[in-house]
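Structure, as structure tokens:
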Amino acid sequence: VLGTAFGIPSGVVVDTHVKRICNIFGLTTSKNPEIIERDLMEVLPEKEWIDFSHRVILHGRATCVARKPRCTECALLKICPRIGLKPL
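Going by this note's numbering, the first residue of the sequence shown is number 79, and it counts up by one from there.
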């Protein structure tokens, strides 16, 4: 709330999309939102914490959907390690 409402980066928002996509990319191996947040805060510059969450959530809703990811349409396909996903 602080980040979105006031632009104060107090942490990284971790929802279902952030959790899933950060595991696919190997940014964390945890399923625990608090641990995922800590992992992300260690690798992301503080100024990116707010926007990172918004971008990943949007990506998870539009392209990297849980049940049937649209990998062939994804702009990140070339850099995505696809951890836990079936081969294309």
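In this text, a Cβ means the ideal position worked out from N, Cα and C, and glycines have one as well.
Nearest residue (CA-CA) to residue i, options the options
i, options, result
"residue 166", "93, 91 and 150", "150"
"residue 157", "164, 82 and 104", "104"
"residue 89", "107, 110, 108 and 119", "119"
"residue 83", "136, 155 and 129", "129"
"residue 114", "92, 131 and 132", "92"
"residue 85", "106, 152 and 132", "132"
Boundaries (first-last residue) of the alpha helix (DSSP H) holding residue i
i, result
"residue 101", "94-102"
"residue 133", "127-140"
"residue 195", "Outside the shown range of the chain, which is 79 to 166, sits residue 195, and nothing can be said about it."
"residue 82", "80-84"
Residue i to residue j span [Cα, whole Å]
i, j, result
"residue 81", "residue 99", "21 Å"
"residue 141", "residue 134", "10 Å"
"residue 138", "residue 95", "5 Å"
"residue 154", "residue 109", "22 Å"
"residue 159", "residue 127", "22 Å"
"residue 116", "residue 102", "17 Å"
"residue 144", "residue 107", "17 Å"
"residue 25", "residue 152", "Nothing in the structure corresponds to residue 25, since the chain is present only between 79 and 166."
Cβ-Cβ distance between residue i and residue j below 9 Å
i, j, result
"residue 112", "residue 87", "no"
"residue 147", "residue 163", "yes"
Residue i: CB within 8 Å of a non-hydrogen atom of the ligand MG
i, result
"residue 162", "Absent from the structure shown: the ligand MG. Ligands present: none."
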